[in-house]
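The sequence shown begins at 1 in my numbering and counts up by one.
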Amino acid sequence: MNPTDYAPSVLMTGCSSGIGHHCAHGLARRGWRVIASARRTEDVDRLAAEGLSAVQLDLDDPESIRAGLEQTLVLTGGRLDALFNNGAYGQPGAVEDLSREVLRAQLETNLLGWHDLTCRVIPIMRRQGQGRIVQNSSILGLIALPYRGAYVASKYALEGLTDTLRLELAATGIFVSLIEPGPILSRFRDNAHKAFQAHIDSEHSLHREAYRRTEARLTKPGAVQPFTLPPAAILDKLIHALESRRPKARYYVTFPTHLLGALKRILPTRGMDWVLDRVSRGGAG
């Protein structure tokens with residue numbers, strides 16, 4: 001798909017800030033017909049005021065997903081060339097401190113909502129004979145770190161589901177790609193801190209000392225980890241996944257993703273656990 005030939009359309013989730021917001025404007029500047037979605041009406045109104053076509057879409061609500069996609073197709077004349085699943089949040093907390101409801105909420109937003117929207121989009125792309133589906137995963141879809149179990153679970157599941165989908169859609173003209181970023185400048189830590197405060201009883205947990213370090217990391221202004229990149233690093237990979245004649249199955253973003261992805265392939269589990277323990281103590285992730 002080449003935006004110099006015509007204006008291909010893309011529906012993007014999680015566009016209120018950070019990666020989604022930057023990529024929505026970046027693709028629009030390249031000639032894409034961007035449909036930027038967000039959960040809150042005030043964010044939808046702001047995106048529209050910025051010159052983007054915007055729809056409300058709450059990944060936790062199947063009816064909102066249906067209505068958001070329906071509105072998207074009205075705006076695009078019934079065609080949709082690409083889907084960029086991006087809307088997500090991180091729920092910090094030790095695995096033993098995660099209630100069933102909190103873990104379910106993490107999976108609803110980060111996995112099941114994406115799956116619902118993707119399954120609604122696939123028949124449209126099948127009728128067209130082509131399409132691109134790009135999933136914004138994470139380094140934490142490749143490796144695990146302490147106190148990030150809910151988010152890790154959502155991204156590991158996303159990786160497996162996406163790999164399976166890519167195999168099932170082979171030879172349909174629909175290409176499926178994963179983007180796997182490490183630390184990126186965004187409001188991710190702000191939102192994670194709100195989720196932590198809402199759902200984790202840190203003062204009565206056996207992990208309370210570790211939680212104090214977690215909160216210090218989440219509330220520290222600016223980049224916390226080395227090798228943090230701006231959202232433009234994601235946009236570069238997204239453009240390739242959407243426009244290349246041969247998009248990759250996976251796009252690593254940031255040095256930590258490349259390094260830890262390589263180490264996982266060559267180290268035994270015990271050795272990798274040693275590395276990840278040091279990474280976690282250093283505040284990465």
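The beta carbon of each residue, even a glycine, is placed where N, CA and C say it ideally should be.
Q. For Leu165 versus Lys155, is the C-beta spacing smaller than 8 Å?
A. Here residue 165 is taken as the residue at index 165 of the sequence shown, counted from 1. Here residue 155 is taken as the residue at index 155 of the sequence shown, counted from 1. Contact flag unset, no.
Q: Rounded to whole angstroms, what's the CA-CA distance from Gly18 to His25? Just pull it up for me.
A: Taking the first residue of the sequence shown as 1, we reach residue 18 at position 18. Taking the first residue of the sequence shown as 1, we reach residue 25 at position 25. Taking the straight line joining both Cα atoms gives about 11 Å.
(Q) Can you tell me which residues form a DSSP beta bridge with Met12? (A) Along the sequence shown, read from residue 1 onward, the residue named residue 12 stands at position 12. Paired residue(s): Ala36, Phe84.
Q: Measuring alpha carbon to alpha carbon, tell me which of Gly90, Ile179, Met12 ends up nearest Gln135.
A: Here the question's residue 135 lines up with position 135 in the sequence shown. It is Ile179 whose Cα lies nearest to the Cα of Gln135.
Q. Out of Arg39, Arg33, Leu263, which has the shortest C-alpha to C-alpha gap to Gly14?
A. What you label residue 14 is simply residue 14 of the sequence shown in a count that begins at 1. That would be Arg39, whose Cα lies nearest to the Cα of Gly14.
(Q) On the CB-based measure, 16 or more other CB atoms within 10 Å of its CB, does Leu59 come out buried or exposed? (A) Here residue 59 corresponds to residue number 59 of the sequence shown, with the count starting at 1. When all chains shown are included, Leu59 counts as buried.
Q.
Please classify Trp114 as buried or exposed, where buried requires at least 16 other C-beta atoms within 10 Å of its C-beta.
A. Residue 114 sits at position 114 when you count from the first residue of the sequence shown. Trp114 is buried by the Cβ-count criterion.
Q.
If you reduce the DSSP assignment to three classes, tell me which class Pro62 lands in.
A. Position 62 of the sequence shown, counting from 1, holds the residue named residue 62. Pro62 falls in the helix class under three-state DSSP.
**Q.** Spatial neighbours of Pro247 in its chain, beta-carbon cut-off 6 Å, leaving aside the 5 residues before and after
**A.** Translated into positions along the sequence shown, residue 247 becomes position 247. Excluding residues within five positions, the ones whose Cβ falls inside 6 Å are Phe175, Ser177, Ala241.
Q. Is the region 120-131 close to the region 91-109, with three or more CB pairs under 8 Å?
A. no
Q: Taking 8 Å as the cut-off, decide whether the C-beta atoms of Ala36 and Ala54 are in contact.
A: For this step, residue 36 is matched to residue 36 along the sequence shown. For this step, residue 54 is matched to residue 54 along the sequence shown. Their beta carbons are under 8 Å apart, which means Ala36 touches Ala54 by this criterion.
Q. Given Asp116, which residues of its chain have a CB within under 7 Å of its CB, disregarding the five upstream and five downstream residues?
A. As a working note, residue 116 is residue 116 in the sequence shown. Cβ neighbours of Asp116 beyond the five flanking positions: Pro62, Ile65.
Q: Buried or exposed for Ile266, please, with buried defined as at least 16 other CB atoms from any protein chain shown within 10 angstroms of its CB.
A: Here residue 266 refers to the residue found at position 266 of the sequence shown. Result: exposed.
Q. Any idea which residues DSSP pairs Gln56 with across the strands?
A. Locating residue 56 in the sequence shown gives position 56, where the first residue counts as 1. Bridge partners of Gln56: Ala38.
Q. Where does the unbroken alpha helix (DSSP H) through Gln128 begin, and where does it stop?
A. For the purposes of this step, residue 128 is identified with residue 128 of the sequence shown, where counting begins at 1. Here the alpha helix (DSSP H) through Gln128 covers 113-128.
Q: Grab me the residues of Ala233's own chain with a C-beta within less than 6 Å of its C-beta, minus the 5 sequence neighbours each way, in chain order.
A: Walking along the sequence shown from the start, residue 233 turns up at place 233. Answer for Ala233: Val253, listed in chain order.
Q: Using 10 angstroms around the beta-carbon of Lys220, count the other beta-carbons present and answer buried if the total reaches 16, otherwise exposed.
A: On the sequence shown, position 220 is the one that residue 220 refers to. With fewer than 16 Cβ atoms within 10 Å of its Cβ, Lys220 is classed as exposed.
(Q) Tell me the rounded alpha-carbon separation between Val275 and Glu243. (A) In the sequence shown, counting from the first residue as 1, residue 275 sits at position 275. In the sequence shown, counting from the first residue as 1, residue 243 sits at position 243. So the alpha carbons of these two residues sit roughly 36 Å apart.
(Q) Can you tell me whether Glu50 is helix, strand or coil according to DSSP? (A) Numbered from its first residue, the sequence shown carries residue 50 at position 50. Residue state, collapsed to three classes: coil.
Q. What do you reckon, are the CB atoms on Ile133 and Leu83 nearer than 8 Å?
A. Mapped onto the sequence shown, residue 133 falls at position 133. Mapped onto the sequence shown, residue 83 falls at position 83. It is a contact, given that the beta carbons lie within the stated cut-off.
Q. If you check the beta carbons only, do Pro287 and Gly160 fall under 8 Å apart?
A. Here the chain covers residues 1 to 285 and nothing more, so residue 287 does not appear.
Q: Please list the segments of the alpha helix (DSSP H) lying wholly inside the region 193-269, counting only runs of 4 or more residues, in order along the chain.
A: 208-219, 232-243, 255-266
Q. Is it the case that the Cβ atoms of Ala195 and Tyr89 are separated by a distance below 8 Å?
A. Numbered from 1 along the sequence shown, position 195 holds the residue referred to as residue 195. Numbered from 1 along the sequence shown, position 89 holds the residue referred to as residue 89. Contact flag set, yes.
Q. Where does Ser137 fall in DSSP's three states?
A. Position 137 of the sequence shown, counted from the start, is the residue given in the question as residue 137. Coil.
Q) From Leu57 to Asp201, what does the alpha carbon distance come to, in whole angstroms? A) Residue 57 sits at position 57 when you count from the first residue of the sequence shown. Residue 201 sits at position 201 when you count from the first residue of the sequence shown. The alpha-carbon atoms of Leu57 and Asp201 are separated by roughly 30 Å.
(Q) What residue range does the beta strand (DSSP E) around Ser177 cover? (A) Here the question's residue 177 lines up with position 177 in the sequence shown. Element bounds for Ser177: 174-181.
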